[in-house]
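Engineer: The sequence shown begins at 851 in our numbering and counts up one residue at a time. In this text, a Cβ means the ideal position worked out from N, Cα and C, and glycines have one as well. This structure is a prediction, so every number in the text was calculated from the model and none was measured. Below is one structure. I have some questions about it.
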Amino acid sequence: MAAGYLDILRARHAARLLTGTLVGRLPNGTAHIAIVLFTRAEGGSYTLAGALAAAYGLATAVGQPLLGRAVDLHGQPRVQLPAAVVSALGMSLLAFTGLSSLPLAYLAVIVAGVATPPLEGGLRALWPSVLKGEGQVHRAYAMDAVAQEIMFTVGPLLVTVLVSLWSPAAALLVINAIGVLGALSVVLSEPSRTWRSAPREAHWLGALRSPGLLALLGAFFFVGLALGSITVAGVAYADDHGRESVYGWLMAALGLGALIGGLVYGARQWAGAPERRLRFIVGLLALGYLPLTLTPSVPVMTALAALAGVFLAPAIACSFIVVDRHAPRGTVTEAFSWLVTTFGVGAAAGTAVAGPAVELGSTAWSFAVAGAGGVAALVVLLSTGRVLAAPSRTPAVVTGSENDRNGAVEPGFSSGHKA
């Protein structure tokens, strides 16, 4: 299992790009947790915590595709690093001013969200210029998803440790300072400095002119909704049991389950259409969220959280392949950034709904939002099967640009579709 991943990490620049991107994404990956804990510590309600986290998520959703398109047009260094600095300044403003002025608090999280650098989409655009062959690129997508789950495993624990050692405000400052250093490491690397997107057709919709991509984004909105609701539901569950640390363990267990699932998924090459496989994986993901509504004892709940996360990383890794197959030429960073945006909007909706669900109903109700999100994602994929079955581009590598893998196929699969 490990041999394939080691081959990727031995490639020149690969380890640096993966590590730098992972560190640079830490503020975004932990923002909802940090905002919720900060708001509660400042005396704010669950509803306010959910609303601030939702504002951040929506702002990220607006900023990611815009910054992704800017990266496709102007290159990575001119966009990624300035965005990371501005985003960190926004979170610093929240940490220093607190909730004394709610308009200022909302402004701070909105600035931080809009300026979140599209490092995630940028890394996926860089893989083809660093690795050899489609097989390695697709395994790198799986490794990327696994690394993301490491962040989601370690990130919540890091935030809770910083909160316990210092304060929620200190956690915001430290996490965002680390993020700027990660972005700096990426943009100073040779692949990032020399990368250029393939020529693109001028179109105001950009990547969104692909029906298949729109279908995928619709499904992953609901996956984001499920994850966002768990952020608030986990805090409520921890409060019910009188221990703040319970929240960190639940989130870490969710990430650990996804990490294990991603490692297993990426260890082999999959034959068959990735769109069909994605429907199956999302179905299992939805099934894993439903038992969380039982809210049993802490040990059992932790185990259920780990089980619920097992199919998350495989779903994300498989979605990368589907994005690759359906994104129009020259929109690679933008297309992947739209996937991040979808998660942001979905997570914002999930946090916004889960907060009132706790206060009007119970903790179980907020976990039910996650189960409903998983089921809705599956319904979208099933209802758009015909659109997803027809990639908008010929599934072959564009020989004129090693950086543009739009339409690349997974090993063992030949679609037979012609452009």
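Measure the CB-CB distance between Gly948 and Glu892 and report whether it falls below 9 Å.
Structural biologist: Translated into the one-based positions of the sequence shown, residue 948 becomes position 98. Translated into the one-based positions of the sequence shown, residue 892 becomes position 42. Yes.
Engineer: Would the stretch 1152-1172 count as touching the stretch 1125-1138 if we require 3 or more Cβ pairs under 8 Å?
Structural biologist: Touching, per the Cβ criterion.
Engineer: Exposed or buried, what is His1176 when buried is set at 16 or more other beta-carbons lying within 10 Å of its beta-carbon?
Structural biologist: Translated into the one-based positions of the sequence shown, residue 1176 becomes position 326. So His1176 counts as buried.
Engineer: Mapping the DSSP letters down to three states, classify Val1160 as helix, strand or coil.
Structural biologist: Sequence index remark: in the sequence shown, residue 1160 carries index 310 (1-based). Coil at Val1160, not helix or strand.
Engineer: Between Thr1081 and His924, which are expected to be in contact by the criterion C-beta below 8 Å, what is the C-beta distance as a whole number of angstroms?
Structural biologist: On the sequence shown, position 231 is the one that residue 1081 refers to. On the sequence shown, position 74 is the one that residue 924 refers to. Between His924 and Thr1081 the Cβ distance is about 33 Å, and since that is not below 8 Å, they are no contact.
Engineer: Considering Thr1081, what are the terminal residues of the alpha helix (DSSP H) in which it resides?
Structural biologist: For the purposes of this step, residue 1081 is taken as the residue at position 231 of the sequence shown. Note, Thr1081: alpha helix (DSSP H), Pro1061 to Asp1090.
Engineer: Whose CA, out of Ala990, Pro877, Ala899 and Ile885, lies closest to the CA of Asp857?
Structural biologist: What you label residue 857 is simply residue 7 of the sequence shown in a count that begins at 1. Asp857 has its Cα closest to that of Ala990, out of Ala990, Pro877, Ala899 and Ile885.
Engineer: Does the separation of the CB atoms of Thr1183 and Asp922 fall below 9 Å?
Structural biologist: Counting from one through the sequence shown, the residue named residue 1183 turns up at place 333. Counting from one through the sequence shown, the residue named residue 922 turns up at place 72. Contact flag set, yes.
Engineer: Near Thr869, what residues of its chain come up, given a Cβ to Cβ distance below 6 Å and the 5 sequence neighbours on each side ignored?
Structural biologist: Counted from its first residue, the sequence shown places residue 869 at position 19. Hits under 6 Å: none found.
Engineer: Does DSSP classify Leu908 as helix, strand or coil?
Structural biologist: Taking the first residue of the sequence shown as position 1, residue 908 is located at position 58. If DSSP states are grouped into helix, strand and coil, Leu908 belongs with the helices.
Engineer: Can you tell which of Phe1071, Tyr1115, Gly1221 and Leu1022 has the C-alpha that lies nearest to the C-alpha of Met941?
Structural biologist: As a position in the sequence shown, residue 941 is number 91, starting the count at 1. Of Phe1071, Tyr1115, Gly1221 and Leu1022, the residue nearest in Cα terms is Leu1022.
Engineer: Beta-carbon separation of Val1085 and Tyr906 under 9 Å?
Structural biologist: What you label residue 1085 is simply residue 235 of the sequence shown in a count that begins at 1. What you label residue 906 is simply residue 56 of the sequence shown in a count that begins at 1. No, they are not a contact pair.
Engineer: Taking a contact to mean a Cβ-Cβ separation below 9 Å, would you say Ser937 touches Pro1006 in this structure?
Structural biologist: Indexing the sequence shown from 1 puts residue 937 at position 87. Indexing the sequence shown from 1 puts residue 1006 at position 156. For Ser937 and Pro1006, no; Cβs fall outside 9 Å.
Engineer: State yes or no: is the C-beta of Ser1039 within less than 9 Å of the C-beta of His863?
Structural biologist: Here the question's residue 1039 lines up with position 189 in the sequence shown. Here the question's residue 863 lines up with position 13 in the sequence shown. It is a contact, given that the beta carbons lie within the stated cut-off.
Engineer: Would you mind working out which of Glu1209, Gly1211, Val1114 and Val1219 sits nearest Ala1198, comparing C-alpha positions?
Structural biologist: Residue numbering aside, residue 1198 sits at position 348 when the sequence shown is read from its first letter. Nearest C-alpha to Ala1198: Val1219.
Engineer: Along the chain, where does the alpha helix (DSSP H) containing Gly1196 start, and where does it finish?
Structural biologist: Reading the sequence shown from its first residue, position 346 is the one you call residue 1196. Where Gly1196 is concerned, the enclosing alpha helix (DSSP H) stretches over Val1182 to Leu1210.
Engineer: On the DSSP letters alone, give me the boundaries of the alpha helix (DSSP H) that Trp1099 sits inside.
Structural biologist: As a working mapping, residue 1099 is identified with position 249 in the sequence shown. Counting along the chain, the alpha helix (DSSP H) containing Trp1099 begins and ends at Ser1095 to Gly1116.
Engineer: Can you tell me whether Pro953 is buried or exposed, with buried defined as 16 or more other CB within 10 angstroms of its CB?
Structural biologist: Position 103 of the sequence shown, counted from the start, is the residue given in the question as residue 953. By the neighbour-count rule (16 or more Cβ atoms within 10 Å), Pro953 is not buried but exposed.
Engineer: My guess is that Ser1187 and Gly918 are in contact by the Cβ rule of under 8 Å, so how many angstroms apart are they, rounded?
Structural biologist: Position 337 of the sequence shown, counted from the first residue, corresponds to residue 1187. Position 68 of the sequence shown, counted from the first residue, corresponds to residue 918. Right, their Cβ atoms sit about 3 Å apart.
Engineer: Select from Gly1062, Leu898 and Lys982 the residue whose C-alpha is nearest the C-alpha of Pro1178.
Structural biologist: In the sequence shown, residue 1178 corresponds to position 328, counting from 1. The candidate whose alpha carbon is nearest that of Pro1178 is Gly1062.
Engineer: For Ser1216, which residues of its own chain have a beta-carbon under 7 Å away from its beta-carbon, when the five flanking residues on both sides are left out?
Structural biologist: Against the sequence shown, residue 1216 aligns to sequence position 366. Excluding positions up to five away in sequence, the list reads Ser1079, Val1082, Ala1083, Ala1086, Ala1204, Ala1207 and Val1208.
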